[in-house]
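Going by UniProt numbering, the letters in the sequence shown line up with residues 1 to 870, in that order.
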Amino acid sequence: MRRQSIKRDNPPTIPPALESGATTLGDPHVLNDVLTRPVPQDVARDERATEAPAPAAWTAPVLSGSGDAVVDLREAIRAKLTFALGRTPETARPRDWFAATALTLRERIVAAALASERGVPNKRVYYLSLEFLIGRLMSDALNNLGLTETTRSALRELGIDLDAVQEAEPDAALGNGGLGRLAACFMESMASIGIPAMGYGIRYDHGLFRQSFEDGWQREAPETWLAEGNPWEFARPEATYTIGFGGSVTLSSPEEGVIRRHWQPAETVRAVAHDVPVVGWRGRHVNGLRLWKAEAGEPVDLARFNGGDHVGAVAARMRAEAISRVLYPSDSSAEGQELRLRQEYFFTAASIQDLVARHVAERGDVRSLPDHAAIQLNDTHPAIAVPELMRVLLDVHGLSWEDAWHVTTHTLHYTNHTLLPEALETWPVELMERLLPRHMQIIYLINWMHLEEQAKHGRQDAAYLASISLIDESHGRRVRMGHLAFHGARRVNGVSALHTDLMRSTVFSDLHALDPDKIVNKTNGITFRRWFHNANPGLTRLAVETVGAGVLDDPELLRGLEARAEDPAFVARYAAVRRERKEALAALIAERTGIDVDPAALFDVQVKRIHEYKRQLLNVVETVALYQAIKAEPHRDWTPRVKIFAGKAAPSYVQAKLIIKLACDVAKAVNDDPEVADRLKVVFLPNYSVSLAESIIPAADLSEQISTAGMEASGTGNMKFALNGALTVGTLDGANIEIRDHVGAENIFIFGLEADGVRARQAEPDYAARAIQASPRLAAALDMIAAGRFSPEEPGRFRPLTDDLRRRDQYLLTADFDDYWRVQRAIDAAWRDPRGWWAKAIRNTARMAWFSSDRAMREYAEEIWRVRLG
């Protein structure tokens, strides 16, 4: 039995000695040496540097063991439990077993890194992102190392269930949604396909808040994922950088005719590195995710403490540590806005200092940085990298302006993720001048040279110059971070074909005209290891049995499932796998909400961040209309449907929190109505997270991707659902368009206005009032909500939502409602044809290979970063 489980693991190619339990690889400095070690000075700096053999001192240690992988792993876990955690098997909690198992796996990840080490790569990618929504890491590590079944067997022999151990791992919620999850997928894919890379972000003490509901109202509490430490990480106190804020800039005496500027910060904060290894598929490559923790220079002011001011003595420490305390502090106050900017500069400056220092140690000349490093800015949060890199090159390394600008604009690249004005960051000039005075000098000079260049070419129209300026002066003076990133980057990319086209024609239209080759498209992707292999092992096994084990390495082989879409035996097995996942989700719903749902019903799912443009409100209003229709015709043969919502609203986003409350109140009324019974149920699952998504997505029948056309940059949830066999109902927005093109228009449900139609309708006066007047069904649903049917104790509670739809309706719910109702009834009819439904679902799974993040990373590597794959 044990030998069979080992064989099923299909382990990566690692020297046999590294498979034992006893190891000396617990030294936290080993992985840092592997991932970031400077090249010895006698190693030739040429294109063959990747082939340089590692010196003997860096060779993986020889480990002893029994030769039986399960026994060795079992004893290694037991040893970690005892000697690293001080627990016995009898006293250990599930969290202790998780930590012991994670520490054991971490050693094998280091072993994989050592085994695959080939010296200093010719070029590295540095991925800067304020968010990395990595979630739980154990399933990724086990799957990618090929150790899932070995670990399951080892723990079983200790009387422990692997699933319980994995459940004990906290979600690392270091992101808000799609942006952070994309960054996590990209990091895993870069390791899997052999792109030498390091991610840079913030080690938040508290990630995205923990959401609960109190009478349907969202309540936020700190997410304490680090309460018992993080066994995956390596602390790097030796990798610490000083980050400045405020102060003044002075001029030095001319040297060789050059006047140098010196920033003298009024406040400094220490950025301390913590590294999380990212292991790729089959353990062939390991990259690093470096997260920065903010610390004060001195933990306590002893003079003030001894003088009796015990609180004031630690005030500087509290101010410094606040930078890495909480993900996305509310920016509704001036203090919150300043903290957001401090966060962004803190992690960006630490990352730039770190990567430049590594480059100088390896290559010597900072001028060659573009040849050996590609820096990707994930949205505008790290856009301050443009003046920061310039500052380091000018003030620290003494380059001329021309040389520094060449290095900067040939090293940096920028991914835009949104066209929404409120999400394209701008910062008040006054705040920037006070907090980052040297950077504002550099920004002013960049902008002056940029505008002067246009004047030389006769482009002197004031309105035109205002549109391309880095400083927006229309509503107070603000620095446009999107413009800054655009101007400082070699390439700027959108994340879906539609989004990229809209970037060229809307927010960056004038800048695009100046440099038509700069904007390129790179449609997002997802890692199939996480969102297929791990999230849906039953469907993965079925795919392997049907088209062969090669599908684990090459998702294009999923195409082989398409030939079985009409095969009754295969369809039955596919449907059975889906039924198992739905039963598991039904049990989870009952456990967390007390609501019983029927797994035989259509599971209609919308899970994502709560935002008006994502139009959860459209879904809720349609739910009310459906409720009214069922009540009007209770004896009609309605298709049983379970509406499942999940997602968090930003703490200061009042309208989004009111939408959650409405959804919860509608759910209560519908679920308590005996006349509706099981024909319609509504569920809002609290505390949406990566691990919860892994339970929901494989169980979904219908994926709601209904944002206002032209406002969703791409989406990646739509890809995860379709891969797992859910059919999409959506607008022609973001990557929905490309999903339709790949899965076939007959296997997706499209409705609503397209992006051009949205803009045209928004220009029409009173379009919302006319749309409501033309739709009795919509009018009746809005009237029921506005009249207090779902809030009898406070009849006017939801009037802000209904009044907004009647007067403004910025996101065109009223314009799209009737078509949305139409397509939902077509979905009802399709669900009543199981053979046709499952054929569509199978074709969705079979045709989604192109949406792999491996494909996306290859495109970035070849067309943007110009880096070789390992």
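Cβ coordinates follow ideal geometry from the N, Cα and C atoms, glycine included.
In this model, leucine 377 and phenylalanine 508 are separated by some 17 Å (Cα to Cα). In the structure shown, isoleucine 526 adopts extended strand secondary structure according to DSSP, grouped into three states.
Here the stretch 218-227 does not lie against the stretch 140-152, with fewer than 3 beta-carbon pairs under 8 Å apart. Pairing proline 834 with arginine 106, the inter-Cα distance amounts to about 45 Å.
In the displayed model, threonine 348 falls within a helix according to three-state DSSP.
Alanine 102 and serine 116 have their C-alpha atoms roughly 21 Å apart. Of the candidates Gly135, Arg74, Ser189 and Leu133, the residue whose Cα lies closest to the Cα of phenylalanine 851 is Ser189.
For serine 212, the enclosing beta strand (DSSP E) starts and ends at 210-214. If the five residues before and after alanine 649 are omitted, its C-beta is found closer than 7 Å to the C-beta atoms of Gln218, Ile610, Ala656, Lys657 and Ile660, all from its own chain and listed in chain order.
Secondary structure of tryptophan 232 (DSSP, three-state): coil. In this model, valine 356 and glycine 199 are separated by some 14 Å (Cα to Cα). For glutamine 218, DSSP records a beta bridge to Phe213.
In the assembly as shown, serine 400 is an exposed residue. Its beta-carbon has fewer than 16 other beta-carbons within 10 Å. The Cβ atoms of alanine 713 and histidine 417 lie closer than 7 Å to each other.
DSSP lists Asp604 and Leu727 as the bridge partner or partners of leucine 702.
For threonine 250, the enclosing beta strand (DSSP E) has its first and last residue at 248-251. As computed with DSSP, glycine 199 is found in a beta bridge with Tyr127 and Leu289. Leucine 420 sits exposed, since fewer than 16 C-beta atoms from the chains shown fall within 10 Å of its C-beta. Between leucine 412 and isoleucine 375, the C-beta spacing is below 7 Å. Residue environment analysis places proline 329 among the buried positions, since at least 16 neighbouring C-beta atoms fall within 10 angstroms of its C-beta.
In the three-state reduction of the DSSP assignment, valine 392 falls in the helix class, which pools H, G and I. Judged by DSSP in its simplified three-state form, tryptophan 427 adopts strand.
A Cβ-Cβ distance of about 4 Å is found for the pair alanine 168 and phenylalanine 98, placing them in contact under the 8 Å criterion.
Going by C-alpha positions, asparagine 493 is about 29 Å away from glycine 458. Collapsing the DSSP output to three states places glutamate 338 in a helix. Out of Leu182, Asp72 and His206, the CA that lies nearest to the CA of serine 324 is found in His206. By the criterion of a C-beta distance shorter than 7 Å, arginine 855 is surrounded in its chain by Gly525, once the five residues flanking it on both sides are discounted. With respect to the C-alpha of histidine 410, the residue from Glu422, Leu801, Met390 and His397 having the closest C-alpha is Met390.
Note on methionine 318: under 16 other CB atoms within 10 angstroms of its CB, so exposed under the neighbour-count rule. When rounded, the separation of the alpha-carbon atoms in glycine 710 and alanine 755 is 5 Å. At a Cβ-Cβ threshold of 7 Å, glutamate 344 and histidine 381 count as neighbours. In the DSSP annotation of this structure, the continuous segment of the alpha helix (DSSP H) that includes leucine 142 starts and ends at 138-145. Across the structure, phenylalanine 532 and proline 698 are spaced so that their CA atoms are roughly 8 Å apart. In terms of Cβ geometry, glycine 734 and glycine 715 form a close pair [threshold 7 Å]. Within the stretch 452-519, the runs of alpha helix (DSSP H) at least 4 residues long that lie entirely inside it are, in chain order, 462-468, 481-488, 497-505 and 509-514. For alanine 373, the uninterrupted beta strand (DSSP E) segment begins and ends at 373-378.
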